[in-house]
Ligand SMILES: *Cc1c(COP(=O)(O)O)cnc(C)c1O
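Residue numbers (the working numbering): 583 to 812.
The structure is reproduced here in structure tokens:
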């Protein structure tokens, strides 16, 4: 996509975040924007970086690591792994990413902890929560959350920062509100119990306004920055 187009799209997304934040009586700086660049070329990432974007999300290990290694000259860029992670692919993620948002298995958490290089800061992690109990979706159930939180908190090379949630796609507005409110409640409960929890990653291109209304502190936006994926 044209550099100018990506810069324009970013301006629009930032304006939506600002507007939604104001409506919710929150400061726009309380919501972090992660630009989801999966399947998009490194030129598109460089264009977004030039337009001030610093946090990027990738879903596939090899694609993500290739991009990270091609863009090491872009200082202070932060890479978030947001896709499904298999246990035989944890090492490159532990070595190259700053964040993992899709943590949902202790086996994966343990491997990431052991494989995180000691010279790097702890890996910043979010637990992926399957809030609507959708069988097709990754993430742990609410019932499993407390035990999983305790286990992850024991791992010194991981720093648990909060939750990542993908609520049901395109529900009726009232159903969406129930689901988003539920995310907010679970997040606030977790925050009360654990001092370092500060991140609710909730909201994408289609639903970032609702997410911000219900307390999201991080939105993951792909399509509305980089265009549709093929
Ligand atoms: C692809 C993806 C996104 C971005 O979705 P858009 O609808 O393109 O904004 C956000 N989060 C996750 C986990 C994704 O896989």
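The beta-carbon is built from N, C-alpha and C at its ideal position, and this holds for glycine as well.
Would you say residue i faces chain C, with C-beta separation under 8 Å as the test?
| i | result |
| --- | --- |
| residue 757 | No chain C appears in this structure, which consists of one protein chain only. |
Note down the Cα distance separating residue i from residue j, rounded to an integer number of angstroms.
| i | j | result |
| --- | --- | --- |
| residue 596 | residue 586 | 15 Å |
| residue 672 | residue 618 | 20 Å |
| residue 662 | residue 681 | 5 Å |
| residue 739 | residue 700 | 8 Å |
| residue 601 | residue 670 | 42 Å |
| residue 725 | residue 760 | 18 Å |
| residue 743 | residue 799 | 11 Å |
| residue 628 | residue 782 | 26 Å |
| residue 791 | residue 679 | 27 Å |
| residue 614 | residue 801 | 6 Å |
| residue 717 | residue 780 | 28 Å |
| residue 722 | residue 611 | 29 Å |
| residue 608 | residue 795 | 9 Å |
| residue 635 | residue 676 | 23 Å |
| residue 741 | residue 728 | 16 Å |
| residue 697 | residue 753 | 39 Å |
| residue 660 | residue 756 | 35 Å |
| residue 720 | residue 667 | 10 Å |
| residue 711 | residue 685 | 9 Å |
| residue 621 | residue 789 | 21 Å |
| residue 630 | residue 690 | 31 Å |
| residue 806 | residue 787 | 6 Å |
| residue 638 | residue 707 | 15 Å |
| residue 616 | residue 665 | 14 Å |
| residue 768 | residue 713 | 9 Å |
| residue 809 | residue 747 | 22 Å |
| residue 590 | residue 640 | 21 Å |
| residue 784 | residue 656 | 26 Å |
Could you tell me which residues DSSP puts in a beta bridge with residue i?
| i | result |
| --- | --- |
| residue 640 | 663 |
| residue 802 | 616 |
| residue 682 | 663 and 707 |
Can you look up residue i in the DSSP assignment and give me helix, strand or coil?
| i | result |
| --- | --- |
| residue 760 | helix |
| residue 653 | coil |
| residue 609 | coil |
| residue 702 | coil |
| residue 622 | coil |
| residue 634 | coil |
| residue 658 | coil |
| residue 809 | coil |
| residue 592 | helix |
Grab the span of the beta strand (DSSP E) containing residue i for me, first residue to last.
| i | result |
| --- | --- |
| residue 615 | 614 to 618 |
Quick one: give me the first and last residue of the alpha helix (DSSP H) that residue i is part of.
| i | result |
| --- | --- |
| residue 887 | Absent from the model: residue 887. The displayed extent of the chain is 583 to 812, so no value can be given. |
| residue 668 | Element bounds for residue 668: n/a, residue is neither H nor E. |
| residue 790 | 790 to 795 |
Q: Could you pull out every unbroken alpha helix (DSSP H) segment of at least 4 residues lying fully inside the segment 707 to 788, listed in chain order?
A: 727 to 735 and 755 to 775
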